[in-house]
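Participant:
In the working numbering, the protein residues as written are -16 to 282.
1) Kindly confirm or deny that the stretch 254 to 272 and the stretch 135 to 145 touch, where touching means at least three C-beta pairs closer than 8 Å.
2) As a quick exercise: from 232, 261, 224, 273, pick the residue whose alpha carbon is nearest that of residue 249.
3) Could you say which of 153, 251, 280, 169 lies nearest to residue 209 if we only look at CA atoms?
4) To the nearest angstrom, how far is the alpha carbon of residue 161 from that of residue 191?
5) So residue 187 and residue 247 are supposed to be a Cβ contact under 8 Å. How far apart are they, rounded?
6) Quick test of your reading: residue 183 and residue 257, contact by CB under 8 Å. State the CB separation rounded to the nearest angstrom.
7) Taking 8 Å as the cut-off, decide whether the C-beta atoms of residue 202 and residue 233 are in contact.
8) How would you call residue 19, buried or exposed, if buried means at least 16 neighbouring beta carbons within 10 angstroms?
9) Rounding to the nearest angstrom, what Cα-Cα distance links residue 130 and residue 220 in this structure?
10) For a test of the three-state rule: what should DSSP assign to residue 106, helix, strand or coil?
11) To the nearest angstrom, how far is the alpha carbon of residue 218 from that of residue 282?
12) In whole angstroms, what separates the C-alpha of residue 240 from that of residue 153?
13) Considering only C-alpha positions, which residue in the set 273, 255, 253 is nearest to residue 262?
14) Determine the contact status of residue 199 and residue 244, defining contact as a CB-CB distance below 8 Å.
15) Put residue 266 into one of helix, strand or coil per three-state DSSP.
16) So, using beta-carbon positions, are residue 206 and residue 260 closer together than 8 Å?
17) My guess is that residue 166 and residue 178 are in contact by the Cβ rule of under 8 Å, so how many angstroms apart are they, rounded?
18) For residue 121, does the three-state DSSP call read helix, strand or coil?
19) For residue 242, does the three-state DSSP call read helix, strand or coil?
20) Quick one: residues in its chain with C-beta nearer than 6 Å to the C-beta of residue 195, no 5 flanking neighbours on either side, listed in chain order?
21) Tell me whether residue 111 sits in a helix, a strand or coil according to DSSP, three-state version.
22) Between residue 110 and the rest of its own chain, which residues show a CB-CB distance below 6 Å, the 5 nearest in sequence each way excluded?
23) How should residue 226 be labelled, buried or exposed, when 16 other C-beta atoms within 10 angstroms of its C-beta is the threshold for buried?
24) Counting C-beta neighbours from all protein chains within 10 Å, is the total for residue 286 16 or more, i.e. buried, or is it exposed?
25) Assign residue 214 to one of two classes, buried (16 or more other C-beta atoms within 10 Å of its C-beta) or exposed (fewer than that).
26) Anyone know if the C-beta pair for residue 237 and residue 197 falls short of 8 Å?
27) I'd like the ranges of any beta strand (DSSP E) spanning at least 3 consecutive residues and lying wholly in the stretch 195 to 264.
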């Protein structure tokens, strides 16, 4: 009896297609689909023909057709490249990093070399110490100069005070061009009492000077003394200038040798002269001649 089974094509199920096991997810689905198709086909074959080669159909459901590699992937890459070129491939390329200036290499070198860093710190400390020493020396010099200036000012002040005291103590004769016409303690018929002063005979109008530095405490007419000026020295001694023709300084402070009046013949006199009296503490008169000598004057 002739067989009704048609043998499989030697080249496989289809020309140009090979059966492979595909392990991926798509391969599993393909195998499942092939298995279901093979089950249906096997069932139909068994029912219709009673194919004794059914196991072959069972094994074929686990195979997938091998895809023939062609030019499609190459075309896909070409298309992507063309698309990127059209949309600005250069823009997609990262921009070149901006140039960065190299920092000073000295800190890096110092940080990298402990010896240089230590030398720099030592130099910095030395500079700081030198600056501090210079500042200290400057301050000390300024203080010394200030102290010297203060001492010099104090010395000048003391000298001025001494000069003032010397000037106050210095005395001068009341008249420069004169003759002594009467001395202290003399008596005469025209004096009611002994003579109480020292007479400097000079022409009328001759300048009369203050004997020493003091204050004019009284000036004006005084009876037998005529026009009189009373000067009080710093120690309280009163100097009387009598028989004046005129009064130039009637009050206030005067210095030694300052003109205060003029020689005259006013009051109880026989001729123009200056009658000078010295009254310590404003009391009784003393002999003017030794008193002047005690102050370095020789009338």
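We treat Cβ as the ideally placed atom computed from N, Cα and C, and that holds for glycine. This one's a predicted model, so the numbers in the text were calculated from it and none came from an experiment.
Facilitator: Quick answer:
1) Touching, no.
2) Stepping through the chain shown from its first residue, residue 249 is reached at position 266. Closest by alpha carbon: 224.
3) Within the chain shown, residue 209 is the residue found at index 226, counting from 1. Per the Cα distances, 251.
4) Within the chain shown, the letter at position 178 stands for residue 161. Within the chain shown, the letter at position 208 stands for residue 191. One C-alpha to the other measures close to 11 Å.
5) As a first step, residue 187 must be located in the chain shown, where it is residue number 204. As a first step, residue 247 must be located in the chain shown, where it is residue number 264. So it is a contact: roughly 6 Å between Cβ atoms.
6) Counting from 1 along the chain shown, the entry for residue 183 is found at position 200. Counting from 1 along the chain shown, the entry for residue 257 is found at position 274. Contact between residue 183 and residue 257 holds, with the beta-carbon distance rounding to 4 Å and staying under 8 Å.
7) Sequence index remark: in the chain shown, residue 202 carries index 219 (1-based). Sequence index remark: in the chain shown, residue 233 carries index 250 (1-based). Residue 233 sits close to residue 202, with the two beta carbons spaced by under 8 Å.
8) Here residue 19 refers to the residue found at position 36 of the chain shown. Here the model assigns residue 19 a pLDDT of 49, short of 50, so the residue's position is not dependable, and the following value carries that caveat. Its Cβ having fewer than 16 others within 10 Å, residue 19 is exposed.
9) Start at 1 with the first residue of the chain shown, and residue 130 comes out as number 147. Start at 1 with the first residue of the chain shown, and residue 220 comes out as number 237. Rounded to whole angstroms, the separation of the alpha carbons of residue 220 and residue 130 is 41 Å.
10) Walking along the chain shown from the start, residue 106 turns up at place 123. Under the three-state reduction of DSSP output, residue 106 falls in the helix class.
11) Your numbering for residue 218 matches position 235 in the chain shown. Your numbering for residue 282 matches position 299 in the chain shown. Counting only the Cα atoms, residue 282 lies some 22 Å from residue 218.
12) For the purposes of this step, residue 240 is taken as residue 257 along the chain shown, with counting starting at 1. For the purposes of this step, residue 153 is taken as residue 170 along the chain shown, with counting starting at 1. Near 10 Å, if we compare the C-alpha coordinates of residue 153 and residue 240.
13) In the chain shown, residue 262 corresponds to position 279, counting from 1. The shortest C-alpha to C-alpha distance from residue 262 to any of 273, 255, 253 is the one to 273.
14) As a working note, residue 199 is residue 216 in the chain shown. As a working note, residue 244 is residue 261 in the chain shown. With respect to the 8 Å criterion, residue 199 and residue 244 are not classified as neighbours on the basis of their beta carbons.
15) Counted from its first residue, the chain shown places residue 266 at position 283. The answer is coil: DSSP assigns residue 266 none of H, G, I, E or B.
16) Taking the chain shown and counting its residues from 1, the one referred to as residue 206 is at position 223. Taking the chain shown and counting its residues from 1, the one referred to as residue 260 is at position 277. No, the pair does not count as a contact, with Cβ atoms beyond the cut-off.
17) Taking the first residue of the chain shown as position 1, residue 166 is located at position 183. Taking the first residue of the chain shown as position 1, residue 178 is located at position 195. Indeed, because the Cβ distance is near 7 Å, the residues count as touching under 8 Å.
18) Start at 1 with the first residue of the chain shown, and residue 121 comes out as number 138. In the structure shown, residue 121 sits in a helix (DSSP, three-state: H, G or I).
19) Locating residue 242 in the chain shown gives position 259, where the first residue counts as 1. In the three-state reduction of the DSSP assignment, residue 242 falls in the strand class.
20) For this step, residue 195 is matched to residue 212 along the chain shown. Exclusion of the five residues before and after residue 195 leaves 154, 216, 239 as the residues of its chain whose Cβ lies within less than 6 Å of its Cβ.
21) Reading the chain shown from its first residue, position 128 is the one you call residue 111. Residue state for residue 111 is assigned as helix, using DSSP reduced to three classes.
22) Reading the chain shown from its first residue, position 127 is the one you call residue 110. Cβ contact annotation for residue 110 (same chain, cutoff 6 Å, sequence separation greater than five): none.
23) Here residue 226 corresponds to residue number 243 of the chain shown, with the count starting at 1. It counts as buried.
24) This structure cannot speak to residue 286, because the chain is shown only from -16 to 282.
25) For the purposes of this step, residue 214 is identified with residue 231 of the chain shown, where counting begins at 1. When all chains shown are included, residue 214 counts as buried.
26) For the purposes of this step, residue 237 is taken as the residue at position 254 of the chain shown. For the purposes of this step, residue 197 is taken as the residue at position 214 of the chain shown. It is a contact, given that the beta carbons lie within the stated cut-off.
27) Secondary structure in the stretch 195 to 264: the beta strand (DSSP E) runs of 3 residues or longer, each lying completely within the stretch, are 197 to 204, 210 to 215, 221 to 230, 235 to 237, 242 to 246, 256 to 262 in chain order.
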